[in-house]
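Engineer: Residues -22 to -1, 1 to 89 (mature numbering (1 follows the signal peptide of the UniProt record, and there is no 0)) make up the sequence shown, in order.
All C-beta atoms in this analysis are idealised placements derived from N, C-alpha and C, irrespective of residue type, glycine included.
Quick one: structure below, then a few questions.
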Amino acid sequence: MARYHNLVAFLCFALLITNSQSTPQANDFSFCSWCEDFVGALDKEIESGAGTVEQQVTRACDAVLPHSLQPFCINTVDGLIDGIVKSLEQEIPPKAICEEIDLCQPSRIGV
């Protein structure tokens, strides 16, 4: 339940930040695309082998969001990291990982 509260808080702050920007891309914020970007950044961090998993998560959060939103990023993925890392080790694509952890809607094929 706390994870969903953190998720809602993160989303509200992210929307607040993007709505305050004047560029068109800022208004196109997608939680799903953020997740995919985060998982991709984490994959690169893991491949580099630098630091602990916690440090890699912190750097991946910094790579996809402003530093001021780092606590919300970390809270959102807290408790999911082991599963994300295992999925990355199995070479599962970021979108599929994000669908599995309910941060993206599954693709509908043939609809």
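1) DSSP three-state call for T30: helix, strand or coil?
2) For the structure I just gave you, are there three or more beta carbon pairs, one from the segment 38 to 45 and one from the segment 14 to 22, closer than 8 Å?
3) Helix, strand or coil: which one does DSSP assign to I62?
4) Leaving aside the five residues before and after I59 along the sequence, list all residues of the same chain whose C-beta is less than 7 Å from its C-beta, in chain order.
5) Along the alpha helix (DSSP H) that carries P72, what are the first and last residues, could you check?
6) Let me make sure I understand the geometry here. Which of L81, V17 and H45 has the alpha-carbon closest to that of S65?
7) Tell me the rounded alpha-carbon separation between V55 and E67.
8) Taking DSSP as the reference, what is the three-state secondary structure of G18?
9) Using the beta-carbon count (16 or more within 10 Å), is E76 buried or exposed?
Structural biologist: Well, looking at it:
1) DSSP places T30 in the coil class of the three-state scheme, outside both helix and strand.
2) Verdict: yes, contact present.
3) Residue state, collapsed to three classes: helix.
4) Close CB contacts of I59 within its chain, under the 7 Å cut and outside five residues either way in sequence, are with V31 and V35 (chain order).
5) Per DSSP, P72 belongs to the alpha helix (DSSP H) from P72 to E78.
6) Looking at the Cα atoms, V17 is the closest of the given residues.
7) Going from the Cα of V55 to the Cα of E67 covers about 17 Å.
8) Under the three-state reduction of DSSP output, G18 falls in the helix class.
9) Strictly speaking, residue 76 in this sequence is Cys, with Glu absent from that position. C76 counts as buried, since no fewer than 16 other beta carbons sit within 10 angstroms of its beta carbon.
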